[in-house]
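Working notes, beginning with the structure itself.
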Amino acid sequence: MTDVLIAAAEKITKDFLVQSPLIGVILVQADELARINHSVGSAAGDAILEEIGWRLQTFAGDEFGAGSYVARLDGPRFLIVPSKPMTERALFVQERSLHLALAEPLVGDPHGRVTMRIATAMISADQSVEAQLRSACEILARPASARDGASVKAALEHDEVRIVYQPQYDMISGVMVGVEALIRWEHPELGTLGAGPLVTAARAAGMDKELTKHAHRLALREAGQWPAELADLRLSLNITAADLGDLDFASRVARMAAEEGVSQSRLTLELTEQAMLSDPASAAAQLAQLRAGGSSIAIDDFGTGYSSLSLLARLPIDYLKIDSGFTRTIMGTKRDQIVVRAIADLAKALGLVVIAEGVENDTQLARLAELGVGVWQGFLWSEPVAGAALPALVAEARARDARFPVHQD
C-alpha cells in the first residue's frame, strides 16, 4: 500500500480517534482485479468493486450499526471503521464474519477469480497512527493462505478444536432424537470462538478437508463412548463442497465410524445446496455411497440458496433443514410462512423430514408444528452443549409432555 493510501486511511482514522482513544479498523483488498480488467474490461472490474463496496456497507451497518464508516481508499482497497467500541477479540471475530460475508460468489465474478484479503488493527491515539496502519497494511500484503494456514494447523496440532452438540427434538413427542455436531475453537489468546473463524481460515488456506476430517474424528470418537441412554441419538456431521470433491470421502467416513464403534445408520451428513451445486456429479456419487453405507443425508439452510428442485429429485436426500432466518420471522411475515409450508409440503411429497433451525420461543415452535415441521433444534430447550451434558437433556426431554403435536392435513 502506497504512502498516499496510508495518508488517506490515516486521515479517516484520526477523525474517529477524536471520539475515542482506541478504535478498531478493518482493511479489505480484492485481488485479481487487474487480470479481470485486462481480460474482460474495466467495466466488469468496476462492477465487481461496486458490489464489494455494497457488501461492505451492508456488513458494517448490520454488525456495527449506524455511523460506521466504509471508504474505498484506492483501486481494490477499502477501509471499515466501526462506530461502536471494539475489543481485539471482537475485531478478530468480525474479521472472520466478514470473510464469510464476502465468500459468496460475486455477480460479476461467477467463476470465483476474485479473492479477498482482510486485516484488522486496534488503533490507539497515543501512538503513531501512520505506523499502526502501516503494520496492518503489511499484514494485508501477506498471502491469506499463509496466515490462515498457520492458524488452522496450530488449532489442529494443539487440540484447540472441540465439539459441542445442538440437540434435535421430535415435534410430536418432544423426545430428543439427534444432535448436530458443531465446532468450537479454544483460541489461546481470544478464548472460545464459534465455528465461523476457524472454518473461514480453513477455507482460505485450502484446508477444508483437514478440518472436516479432524472434527468428524472427534465427534465420532465421543459418540462411540456415549452411555446406553444415548444409543438411539442420531449424530449429524457437517460436510463441505471440498469433502464431496474428495473421491475417498465416503470411504473415509465409513472407516472412521467403524474404528470408533459408531454405526453408519446413526449418522446424518449435512451439506448446503451450494455445496451440492459445486460439482453435482461428484456430490451424487459421494452421497449415494454414504447412503448405501447406511447414513442419512440432510440439506442444510434449505430455501436460502439456489433451491434446485431437480437436485432434490436426483440426489439421495432424507432431511431438509429450514434456515433459522425463516424461524425468526415466521410470526411476522406471511410470505415466510408460505415458504415454510411449501417446503413442508414438498418434503412430505418426496418422503423427506423437515428440520427447523433456530427455534427460540414457544410461539415459533407452535407455528412450525402447525406448518408440518417434523423435527426442530434451537436454544428454546438447550444451547449447544458438551457430550457429557447430553444424558441429562435426554432425560429432561422424555419427562416433558408432548405439547406441540404436528398439524395433520
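If you want the numbering used here, it's the position in the sequence shown, counting the first as 1, plus 5.
We put the beta carbon where it would ideally sit given N, CA and C, even for glycine.
Just so it is clear, the structure is predicted and the values come from calculations on it, not from any experiment.
Tell me where the beta strand (DSSP E) around M181 begins and ends.
Under the DSSP assignment, M181 falls in the beta strand (DSSP E) whose first and last residues are M181 to H192.
Write down the C-beta distance between G299 and S256 rounded to the nearest angstrom, noting that I regard them as a contact closer than 8 Å.
Between S256 and G299 the Cβ distance is about 14 Å, and since that is not below 8 Å, they are no contact.
State the Cα-Cα distance for the pair A371 and A354, rounded to the nearest angstrom.
Cα-Cα distance, rounded: 22 Å.
Suppose only complete runs of 3+ residues qualify. What are the beta strand (DSSP E) ranges in the stretch 200-286, listed by chain order?
239-243 and 272-277, all fully within the stretch 200-286.
Distance between I168 and A391 (C-alpha atoms, nearest Å):
Separation of A391 and I168 (C-alpha to C-alpha, rounded to the nearest whole angstrom) is 7 Å.
V33 and I128 closer than 8 Å at C-beta:
Contact: no.
Which residues mark the beginning and the end of the alpha helix (DSSP H) in which V344 is found?
From DSSP, the alpha helix (DSSP H) with V344 extends over K339 to L355.
Expected contact under 8 Å - CB spacing of L295 and V258 to nearest Å:
Distance from L295 to V258 at the Cβ level is roughly 6 Å; contact confirmed, criterion being Cβ atoms closer than 8 Å.
For the alpha helix (DSSP H) that V98 lies in, which residues bound it at each end?
Residue range E93 to A106 is occupied by the alpha helix (DSSP H) that includes V98.
For D175, the residue or residues it bridges with in DSSP
V380.
Decide if V180 is buried, meaning its Cβ has at least 16 other Cβ atoms within 10 Å, or exposed.
Exposed is the call here.
Grab the span of the beta strand (DSSP E) containing L1 for me, first residue to last.
Lying before the first or after the last residue shown, residue 1 is absent from the chain, which here runs from 6 to 414.
Relative to the C-alpha of V364, which candidate in A349, A347 and F384 has its C-alpha closest?
Closest in C-alpha terms to V364, from the list A349, A347 and F384, comes F384.
Which value, in whole angstroms, describes the spacing of the CA atoms of V157 and T245?
Taking the Cα positions, V157 is about 16 Å away from T245.
Go to R372, then tell me how far its alpha helix (DSSP H) extends in each direction, as first and last residue.
That run of the alpha helix (DSSP H) goes D367 to E375.
If I follow the unbroken alpha helix (DSSP H) through A49, where does it start and stop?
It spans S47 to F69 - the alpha helix (DSSP H) in which A49 sits, taken as one unbroken run.
Buried/exposed call for A141, threshold 16 Cβ in 10 Å:
Label assigned to A141: buried.
Starting from the Cα of A297, find the closest Cα among A106, K339, W231 and P321 and give me that residue.
It is P321 whose Cα lies nearest to the Cα of A297.
Buried or exposed for Q173, please, with buried defined as at least 16 other CB atoms from any protein chain shown within 10 angstroms of its CB.
Burial call: buried.
Using a Cβ-Cβ cutoff of less than 7 Å, which residues in the same chain neighbour M212 once the five nearest sequence positions on both sides are dropped?
Contacts found: G154 and V157.
Counting pairs of beta carbons, one from the stretch 9-27 and one from the stretch 100-107, are three or more of them closer than 8 Å?
With a cut-off of 8 Å, the stretch 100-107 and the stretch 9-27 do not count as touching, because too few Cβ pairs lie within range.
Cα-Cα separation between R94 and E100, rounded to whole angstroms
Just so you know, the alpha carbons of R94 and E100 end up roughly 10 Å apart.
Does the beta-carbon distance from L103 to A14 come in below 8 Å?
No, they are not a contact pair.
Please name the residue in A136, L325 and R222 whose C-alpha comes closest to that of A347.
A347 has its Cα closest to that of L325, out of A136, L325 and R222.
How would you call E362, buried or exposed, if buried means at least 16 neighbouring beta carbons within 10 angstroms?
It is buried - the Cβ of E362 has at least 16 other Cβ atoms within 10 Å.
Alpha carbons only, please: which of I57, I53, P90 and R82 is nearest the one belonging to A71?
Nearest option by C-alpha distance: P90.
Taking G80 as the reference, which of E234, G50, L272 and V98 has the closest Cα?
Cα-wise, what sits closest to G80 is G50.
Can you give me the C-alpha to C-alpha distance between H163 and P396, rounded to a whole angstrom?
Between H163 and P396, the C-alpha separation is close to 29 Å.
Please name the residue in D20, W231 and R82 whose C-alpha comes closest to that of E37.
Nearest to E37 by alpha-carbon distance, out of D20, W231 and R82, is R82.
May I ask which residues mark the beginning and end of the alpha helix (DSSP H) holding A397?
Per DSSP, A397 belongs to the alpha helix (DSSP H) from L395 to A404.
Cα-Cα separation between T217 and I188, rounded to whole angstroms:
T217 and I188 have their C-alpha atoms some 10 Å from each other.
C-beta atoms of L223 and V166 nearer than 8 Å:
Going by C-beta atoms, L223 is nearer than 8 Å to V166.
Where L323 and Q369 are concerned, what is the direct C-alpha to C-alpha distance, given to the nearest angstrom?
Residue 323 is actually Asp in this sequence, not Leu. In this structure, the straight-line span from the alpha carbon of D323 to that of Q369 is close to 24 Å.
According to the Cβ coordinates, are G126 and L138 closer than 8 Å?
Checking the sequence, you will find Ala at residue 126 rather than Gly. A contact, by the Cβ cut-off of 8 Å.
Could you name the residues of the same chain whose beta carbon sits closer than 7 Å to that of Q291, not counting the 5 residues immediately before and after it, in chain order?
Closer than 7 Å at Cβ, skipping near neighbours: L249, F254 and A255.
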